[in-house]
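Residue numbers (the working numbering), protein chains in the order written: chain A, 1 to 280; chain B, 1 to 113. Heads up, the beta-carbon is just placed ideally off N, CA and C, and yes, glycines get one too.
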Amino acid sequence: MCTVCGCGSGETRIEDGTKHALGYGHEATPDHSHHHHYGAGDAGASVPGMSQSRLIQLEQDILSKNNSYADTNRRYFAEHGIFALNLVSSPGSGKTSLLVETLKKLGKTHACYVIEGDQQTTNDADRIRETGVPALQINTGKGCHLDGHMIGHALERLTPKDGAYVFIENVGNLVCPAAFDLGEAHKVAILSVTEGEDKPLKYPDMFAAADVMLLNKTDLLPYVDFDVEIATANARKINPEINVLTVSAQSGDGLEDWIDWIGTARAKLFAGYAATDAAE
Amino acid sequence: MHEMSLCENILGILLDEAASQNFSKVDRVCLEVGPLSGVEPEALRFGFDVVTRGSLADGAQLDIFEPQATATCAACGTTAVIQDRFDPCPSCGSHLLQIKTGEELRIKELEVS
Ligand SMILES: Nc1nc2c(ncn2[C@@H]2O[C@H](COP(=O)(O)OP(=O)(O)OP(=O)(O)O)[C@@H](O)[C@H]2O)c(=O)[nH]1
Ligand SMILES: [Mg+2]
Ligand SMILES: [Zn+2]
Ligand SMILES: [Zn+2]
Ligand SMILES: [Zn+2]
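Now the structure itself:
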């Protein structure tokens, strides 16, 4: 993958076959070009015996590029009153199912958009579109997380209305999406009750980065050995402030509270800027 | 794999610096990788070798400095070394810890020619 572009050497694909179209998100790197071929030439360029070694104190964050793309996205969201959430979980915890159920309600009343991250398929975006909400699929190929640059391009295609909700479903992976800021207002970690209460301790970075933990598939609680109290206590050992909500995408339990949380969090961020209606 | 894409980020920074600071070869890269950065130094070494092959940093020495993680307890004010994010405060047992150091993931310095 080309790191300058992030759109890469054919790995990342944003739906409609366009790998790289518009200029959004590149203010962060003015010299952005897609013609970097790492490795060609440079290594052989120095003349033996002529080279003088020197030390450069850099002190630069390895994720600084991603962070500047994320900052650009965050500014864009702020300027347009767009409330963005980044949903993270292991594969199969129920991110898409929860989004579908959430949008069946929230999408009726408010302008909503979804960016779907997945290594290969467009299944998840198709499931979202069935609810009538616009969705865009990003296929990361071998990439195991979404990054700020991909989101910039996705926004360019999706063109969400001012005052909208944008939901980003990250690639199913509890490790690296924690490190890659997308510019979202909050990360939402989803843990299903079939996965065990110890997940927050096993993947502490993710639960440290999230502001909310949704305990999903609570309809299965009678059949599995999962203690909601213990899972909550484990998450709070990592992140004492984390909000914990229990939900079931299957039965609909807890969805009202979750949708209330979304509305309240949005109102906190954009005091006085009402969310845009679905019809507008 | 996470470390692989971090190495691509490192290489991207090296190439930017090579252009702006006029060098064509990187002989040594010194990283600071905190124990709470979520990164495995050994995996980073492997990724670095793979990603830099044939580049200006081919064969460069990779030094990884691993600082300690420290946190200050919001309950009792103690600052102490911790091993993991879920460690309690060693003096009062509270989990209200504010991480001070240990999340570093930086390129500290380069030796170039
Ligand atoms: N019983 C039960 N099953 C659920 C619930 N939510 C999701 N599922 C099931 O769990 C499976 C995975 O759900 P998805 O919504 O595709 O999970 P995901 O997190 O989007 O998965 P990836 O995108 O592949 O990471 C599906 O078979 C769902 O029907 C729930 O609340 N209860
Ligand atoms: Mg999904
Ligand atoms: Zn680009
Ligand atoms: Zn990744
Ligand atoms: Zn204490």
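Item to check | Residues passing the C-beta test against ligand 2 heavy atoms, cut-off 6 Å | outcome: Counting every residue whose Cβ lies closer than 6 Å to a heavy atom of ligand 2, we get A:Lys-95, A:Thr-96, A:Asp-124 and A:Glu-169.
Next on the checklist: Here's the rule: buried if 16 or more other CB atoms are within 10 angstroms of the residue's CB, otherwise exposed. What is Gln-61 (chain B)?
Outcome noted: The count along the second sequence starts at 1 and reaches residue 61 (chain B) at position 61. By the neighbour-count rule (16 or more Cβ atoms within 10 Å), Gln-61 (chain B) is not buried but exposed.
Item to check | Contact set between Asp-61 (chain A) and chain B, taken where Cβ atoms lie within less than 7 Å | outcome: Locating residue 61 (chain A) in the first sequence gives position 61, where the first residue counts as 1. Result: Leu-105 and Arg-106.
Item to check | For Leu-31 (chain B): DSSP bridge partner residues | outcome: Position 31 of the second sequence holds residue 31 (chain B). Leu-31 (chain B) is bridged to B:Ile-64 and B:Ile-107.
Checklist entry - Is any heavy atom in ligand 4 found nearer than 7 Å to the beta carbon of Ser-90 (chain A)? => result Mapped onto the first sequence, residue 90 (chain A) falls at position 90. Answer for Ser-90 (chain A): no, Cβ out of range of ligand 4.
Next on the checklist: Would you call the segment 194-210 of chain A in contact with the segment 219-236 of chain A, where contact means no fewer than 3 C-beta pairs closer than 8 Å?
Outcome noted: With a cut-off of 8 Å on Cβ pairs, the segment 194-210 of chain A is in contact with the segment 219-236 of chain A, counting three or more such pairs.
Next on the checklist: Can you confirm whether Pro-91 (chain A), when its beta carbon is compared against all beta carbons of chain B, has any partner nearer than 8 Å?
Outcome noted: Translated into the one-based positions of the first sequence, residue 91 (chain A) becomes position 91. Not one chain B Cβ lies under 8 Å of Pro-91 (chain A).
Checklist entry - Residue range of the beta strand (DSSP E) that Val-175 (chain A) falls in? => result Numbered from 1 along the first sequence, position 175 holds the residue referred to as residue 175 (chain A). First-last for Val-175 (chain A): undefined, no H or E at that position.
Checklist entry - Which class does Glu-195 (chain A) belong to by DSSP, given the choice of helix, strand or coil? => result Counting from one through the first sequence, the residue named residue 195 (chain A) turns up at place 195. If DSSP states are grouped into helix, strand and coil, Glu-195 (chain A) belongs with coil.
Next on the checklist: Can you find the residues in the same chain that come closer than 6 Å, C-beta to C-beta, to Ile-115 (chain A), ignoring five residues on each side of it along the sequence?
Outcome noted: On the first sequence, position 115 is the one that residue 115 (chain A) refers to. If we look at Ile-115 (chain A) and ignore the five residues flanking it on each side, its Cβ neighbours are Leu-136, Ala-154 and Ile-168.
Next on the checklist: At a CB distance below 8 Å, what residues from the segment 240-273 of chain A approach chain B? Give them in sequence order.
Outcome noted: Those residues of the segment 240-273 of chain A that come within reach of chain B (Cβ to Cβ, closer than 8 Å) are Pro-240.
Checklist entry - What's the call for Cys-132 (chain B), buried or exposed, on a 16-neighbour Cβ count within 10 Å? => result Chain B is shown from 1 up to 113; residue 132 (chain B) falls before or after that span and cannot be answered.
Item to check | Thr-232 (chain A): first and last residue of the uninterrupted alpha helix (DSSP H) it sits in | outcome: For this step, residue 232 (chain A) is matched to residue 232 along the first sequence. First-last of the alpha helix (DSSP H) with Thr-232 (chain A): 228-238.
Checklist entry - Run through DSSP, which three-state label would Lys-142 (chain A) get? => result In the first sequence, residue 142 (chain A) corresponds to position 142, counting from 1. Per DSSP, reduced to three states, the secondary structure at Lys-142 (chain A) is coil, with no helix or strand assignment.
Checklist entry - Counting contacts by CB-CB distance shorter than 8 Å, is Lys-279 (chain A) in contact with chain B? => result As a first step, residue 279 (chain A) must be located in the first sequence, where it is residue number 279. Strictly speaking, residue 279 (chain A) in this sequence is Ala, with Lys absent from that position. Chain B, which has no Cβ nearer than 8 Å to the Cβ of Ala-279 (chain A), makes this no.
Checklist entry - Comparing alpha-carbon positions, which option in B:Cys-92, B:Gly-59 and B:Glu-104 lies nearest Arg-114 (chain B)? => result The requested residue 114 (chain B) is not part of the displayed model; chain B covers only 1 to 113.
Next on the checklist: Quick check on the burial criterion: 16 or more other C-beta atoms within 10 angstroms. Buried or exposed for Glu-241 (chain A)?
Outcome noted: What you label residue 241 (chain A) is simply residue 241 of the first sequence in a count that begins at 1. The residue is exposed, with fewer than 16 neighbouring Cβ atoms inside 10 Å.
Checklist entry - In whole angstroms, what separates the C-alpha of Tyr-273 (chain A) from that of Ile-82 (chain A)? => result Within the first sequence, residue 273 (chain A) is the residue found at index 273, counting from 1. Within the first sequence, residue 82 (chain A) is the residue found at index 82, counting from 1. If you draw a straight line from the Cα of Tyr-273 (chain A) to the Cα of Ile-82 (chain A), it is about 10 Å long.
Item to check | Start-to-end residues for the alpha helix (DSSP H) that takes in Leu-6 (chain B) | outcome: Counting from 1 along the second sequence, the entry for residue 6 (chain B) is found at position 6. Unbroken alpha helix (DSSP H) run through Leu-6 (chain B): 2-21.
Next on the checklist: Does the beta-carbon of Lys-217 (chain A), which I'm using as the reference point, lie nearer than 7 Å to any heavy atom of ligand 1?
Outcome noted: Within the first sequence, residue 217 (chain A) is the residue found at index 217, counting from 1. Result yes, Cβ under 7 Å from ligand 1.
Next on the checklist: Rounding to the nearest angstrom, what Cα-Cα distance links Ala-57 (chain B) and Asp-16 (chain B) in this structure?
Outcome noted: Residue 57 (chain B) sits at position 57 when you count from the first residue of the second sequence. Residue 16 (chain B) sits at position 16 when you count from the first residue of the second sequence. Our two residues, Ala-57 (chain B) and Asp-16 (chain B), have alpha carbons roughly 13 Å apart in a direct line.
Item to check | Interface residues of the segment 33-46 of chain B facing chain A [CB-CB below 7 Å] | outcome: Residues Gly-38.
Checklist entry - Can you check whether the CB of Val-133 (chain A) is closer than 8 Å to the CB of Leu-85 (chain A)? => result For the purposes of this step, residue 85 (chain A) is taken as the residue at position 85 of the first sequence. For the purposes of this step, residue 133 (chain A) is taken as the residue at position 133 of the first sequence. With a cutoff of 8 Å on beta-carbon distance, Leu-85 (chain A) and Val-133 (chain A) are scored as not near each other.
Next on the checklist: Can you give me the C-alpha to C-alpha distance between Pro-90 (chain B) and Ala-43 (chain B), rounded to a whole angstrom?
Outcome noted: Here residue 90 (chain B) is taken as the residue at index 90 of the second sequence, counted from 1. Here residue 43 (chain B) is taken as the residue at index 43 of the second sequence, counted from 1. In a straight line, the C-alpha of Pro-90 (chain B) is about 31 Å away from that of Ala-43 (chain B).
Item to check | Status (buried if at least 16 other CB within 10 Å, exposed otherwise) for Ser-251 (chain A) | outcome: Counting from one through the first sequence, the residue named residue 251 (chain A) turns up at place 251. Exposed: under 16 other Cβ atoms inside 10 Å.
Checklist entry - Taking just the CA atoms, how far does Leu-146 (chain A) sit from Ile-128 (chain A)? => result Sequence index remark: in the first sequence, residue 128 (chain A) carries index 128 (1-based). Sequence index remark: in the first sequence, residue 146 (chain A) carries index 146 (1-based). Cα to Cα, the separation comes out at about 18 Å.
Checklist entry - Name the DSSP beta bridge partners of Val-166 (chain A), please? => result Mapped onto the first sequence, residue 166 (chain A) falls at position 166. As a beta-bridge residue in DSSP terms, Val-166 (chain A) pairs with A:Ala-84 and A:Tyr-113.
Checklist entry - Hey, which residues come within less than 6 Å of ligand 5, measuring from Cβ to any heavy atom, in chain order? => result This criterion selects B:Cys-73, B:Ala-75, B:Cys-76, B:Thr-78, B:Cys-89, B:Ser-91, B:Cys-92 and B:Ser-94.
Checklist entry - Closer than 9 Å, Cβ to any Cβ of chain B: which residues of the segment 140-156 of chain A, in chain order? => result Residues are counted here when their Cβ sits less than 9 Å from a Cβ of chain B; for the segment 140-156 of chain A these are Lys-142, Gly-143, Cys-144, His-145 and Asp-147, given in chain order.
Next on the checklist: Can you tell me which residues fall inside 5 Å of ligand 4, judged by beta-carbon distance to its nearest heavy atom, and keep chain order?
Outcome noted: Residues with a Cβ closer than 5 Å to any heavy atom of ligand 4, in chain order: A:Cys-144, A:His-145, A:Cys-176 and B:His-2.
Item to check | Contact set between Pro-204 (chain A) and chain B, taken where Cβ atoms lie within less than 7 Å | outcome: Here residue 204 (chain A) is taken as the residue at index 204 of the first sequence, counted from 1. Identification of chain B residues near Pro-204 (chain A) by a Cβ-Cβ cut-off of 7 Å yields Asp-84, Arg-85 and Phe-86, ordered along the chain.
Item to check | Contact test: His-149 (chain A) Cβ vs ligand 3 heavy atom, cutoff 7 Å | outcome: For this step, residue 149 (chain A) is matched to residue 149 along the first sequence. His-149 (chain A): yes, Cβ under 7 Å from ligand 3.
Checklist entry - Residues in its own chain within less than 8 Å of Glu-115 (chain B) by CB, not counting five upstream and five downstream? => result This structure does not reach residue 115 (chain B), given that chain B is present from 1 up to 113, and the question cannot be answered.
Next on the checklist: For Leu-110 (chain B), would you say it is in contact with chain A, using Cβ-to-Cβ distances shorter than 8 Å as the test?
Outcome noted: For the purposes of this step, residue 110 (chain B) is taken as the residue at position 110 of the second sequence. Yes, because at least one Cβ of chain A sits closer than 8 Å to the Cβ of Leu-110 (chain B).
Checklist entry - So which residues on chain B does Val-133 (chain A) lean against when the C-beta distance must stay under 8 Å? => result Counted from its first residue, the first sequence places residue 133 (chain A) at position 133. Those within 8 Å of Val-133 (chain A) in chain B number zero; the least Cβ separation is about 30 Å.
Next on the checklist: Cβ closer than 7 Å: which chain A residues qualify as neighbours of Gln-21 (chain B)?
Outcome noted: Counting from 1 along the second sequence, the entry for residue 21 (chain B) is found at position 21. Residues of chain A passing the Cβ test: Ile-56.
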